[in-house]
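Inspection log for the structure reproduced underneath, given as structure tokens.
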Amino acid sequence: MAGTDLYPVAGCKIYIGEIMATQIDDFIESDFITSPDQFTEIDGWTTMGVFGDTAALISTQLINRNRDIKQKGTTNAGSMQNVFAEITGDDGQVALIAASQGANKANYGFMVEFNDASGASGSVNSKAYFVGLVMNASPAGGAANTVRNLNATIEINSNVVRTAAT
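Numbering-wise (my numbering), the sequence shown opens with residue -13 and increments by one.
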């Protein structure tokens, strides 16, 4: 039966890219592919946060109908809250921490690579691209028998561009 394949989160990857300005029109895949070395993998990813558009609710109270009429408003791609095992010196974590500094107001390109390629020779995983602000990259502890973590929140400032697996 088509469409019943399930894919593990294990094997997915997240990358931070170059500084990217927001734009009026929705982004497309080619907006994110400007150089082969544009993205750096952020190593140690242990928890993938939620991301993708959610519409705001517009609610109008119509007195004569005794009913609220609801409409979809603007969309917001959300706050992606990720957890990483802290790996000192990892280029991706260093870039993430630098992007999170208070004086850094720049948006960055991000790429999430999923684990869903067919496995055939030349197959490619699906990807999601977006632009976002790194709001924090904060060290976090845990229980005695856990590693130190790095918690990072990315406020997504664009549409999410998805590509299909082949």
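Using N, Cα and C, we set each Cβ at its ideal position, and we do this for glycine too.
Paired residues, beta bridge with residue i - DSSP
| i | result |
| --- | --- |
| Ser45 | Lys56 |
| Val147 | Tyr115 |
| Ile5 | Tyr94 |
| Thr40 | Asn62 |
| Gln67 | Thr139 |
| Thr26 | Ile2 |
Backbone secondary structure at residue i - three-state DSSP
| i | result |
| --- | --- |
| Met(-13) | Bear in mind that a pLDDT of 48 at Met(-13), under 50, signals an unreliable position, so the model cannot answer this. |
| Gly35 | coil |
| Ser112 | coil |
| Ser16 | helix |
| Ile73 | coil |
| Asn50 | helix |
| Ser107 | coil |
| Ser124 | strand |
Range covered by the beta strand (DSSP E) that runs through residue i
| i | result |
| --- | --- |
| Glu141 | Asn135 to Ile142 |
Minimum Cβ-Cβ distance from residue i to chain C less than 8 Å
| i | result |
| --- | --- |
| Thr152 | Chain labels in this structure do not include chain C; a single protein chain is all it has. |
Is the region -10 to 5 touching the region 78 to 86 in the sense that three or more CB pairs, one from each, lie closer than 8 Å?
Yes: the two stretches touch, three or more of their Cβ pairs being nearer than 8 Å.
Closer than 8 Å is the cut-off here; do at least three beta carbon pairs connect the region 35 to 43 with the region 141 to 150?
As far as the Cβ criterion goes, the region 35 to 43 touches the region 141 to 150, which means the pair count is three or higher.
Is there contact here, the region 122 to 129 with the region 16 to 28, by at least three beta-carbon pairs under 8 Å?
Verdict: no, contact absent.
Three Cβ pairs or more, each shorter than 8 Å: is that satisfied between the region 84 to 94 and the region 104 to 112?
Output reads no: the region 104 to 112 does not touch the region 84 to 94.
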